[in-house]
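Just so you know, the sequence shown maps onto residues 250 to 497 in my numbering.
We put the beta carbon where it would ideally sit given N, CA and C, even for glycine.
Please read all numbers here as calculations on a predicted model, not as lab measurements.
Below is one structure, written out as structure tokens; comments come after it.
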Amino acid sequence: MRFAAIADVHGNRPALEAVLADIAVLGITDIVNLGDHVSGPLEAARTADLLMERGFPSIRGDQDRILVELWQAGGSTRSDFRELERRHFDWMASMPSTLTYRERVFLCHGSPGDDAAFWLDHIADDGCAHPSGIDSIEAGAKGIDAEIILCAHTHIPRVVRLRDGRLVVNPGSVGLPGYDGKLPVPYVVEVGTPHACYAILDRAGGGWSATMRYVSYDTTAMTALARAKGMLTWASAIATGWVQQAGK
250 MRFAAIADVH GNRPALEAVL ADIAVLGITD IVNLGDHVSG PLEAARTADL
300 LMERGFPSIR GDQDRILVEL WQAGGSTRSD FRELERRHFD WMASMPSTLT
350 YRERVFLCHG SPGDDAAFWL DHIADDGCAH PSGIDSIEAG AKGIDAEIIL
400 CAHTHIPRVV RLRDGRLVVN PGSVGLPGYD GKLPVPYVVE VGTPHACYAI
450 LDRAGGGWSA TMRYVSYDTT AMTALARAKG MLTWASAIAT GWVQQAGK
């Protein structure tokens, strides 16, 4: 059994196209998508169109959920929201928050119980993301009957082997390798490379292995688009993998 896992595309269609091309070159035909498909200042509608066309097994991320909630509430002035059509919202609304894939693999966005949770990593008082301890990770995996658990949300590629043998994998972000936030404290997440990232999962000999793939693509257009919309943090992250915050 071999398949690819993508996550956190965030409307970055050129990055998605590069990743899908890389997957195709490797001869992999099965792909799962862990959510946060279109949110952000990039190409929400064009990215949604491509993902809808491909029809991957997909779950809804926290930002997808928020966009659907805004739609159900009557609207928003956000640029991503204004790009999307009813069919795009219907597509996101139809997705489950979790999914079991081929009976062996459990898909979630943040953690199995919370689509907005930092799970394999946590934000510390210093405003940086640090790896979580095994006890807290295993607590989040309690009751999940699957050989491998895939999560996303943090954009940080990570592989954790639980003490019972299950594997938890975050495939990183296709479209956004850095960002900042305010809670629980002001923080920055930086992957340190502008590459689009995804994971390949292989099951052979009774066990699972995970390989992270970092794919180069031309970031010029998406950097310029983020900058034109005043999203300088996004522009910096897409261009470099590092976050240059406004005013610094």
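Shortest alpha-carbon distance to residue i belongs to which of the options?
| i | options | result |
| --- | --- | --- |
| G421 | A270, A488, D285, A273 | D285 |
| R415 | V437, S343, A388, E439 | A388 |
| I315 | A484, R327, A473 | R327 |
| A425 | G455, A453, H404, V437 | Residue identity differs from the one stated: residue 425 is Leu in this sequence, not Ala. It is H404. |
Alpha carbon to alpha carbon, what distance is there between residue j and residue i?
| i | j | result |
| --- | --- | --- |
| E318 | R309 | 12 Å |
| E292 | L333 | 10 Å |
| H379 | V408 | 14 Å |
| L283 | T347 | 9 Å |
| D311 | T278 | 27 Å |
| G382 | Y350 | 27 Å |
| Q493 | M471 | 16 Å |
| L432 | A395 | 31 Å |
| I487 | S385 | 31 Å |
| K497 | K391 | The pLDDT assigned to K497 is 43, lower than 50, so where the model puts this residue is not dependable; a value taken from the coordinates is nonetheless given after this. Cα-Cα distance, rounded: 42 Å. |
| A459 | I449 | 6 Å |
| P500 | A342 | Nothing can be reported for residue 500: it is not among the residues displayed for the chain, which extend from 250 to 497. |
| M344 | P263 | 23 Å |
| V498 | C446 | The structure shown does not extend to residue 498, since the chain is modelled only from 250 to 497, so the question has no answer here. |
On the DSSP bridge list, what partners appear for residue i?
| i | result |
| --- | --- |
| Y463 | C446 |
| N282 | I255, S307 |
| L319 | Beta-bridge pairing links L319 to no other residue. |
| I398 | F355, V417 |
Under three-state DSSP, which class holds residue i?
| i | result |
| --- | --- |
| R351 | coil |
| R337 | It is worth fixing the name first, because residue 337 is His in this sequence and not Arg. Three-state result, H337: helix. |
| P406 | coil |
| V438 | strand |
| H297 | Strictly speaking, residue 297 in this sequence is Ala, with His absent from that position. A297 falls in the helix class under three-state DSSP. |
| N419 | strand |
| D363 | strand |
| A453 | strand |
Check the Cβ-Cβ distances between residue i and every residue of chain B, and say whether any is below 7 Å.
| i | result |
| --- | --- |
| G376 | This model lacks chain B altogether, as it is built from one protein chain only. |
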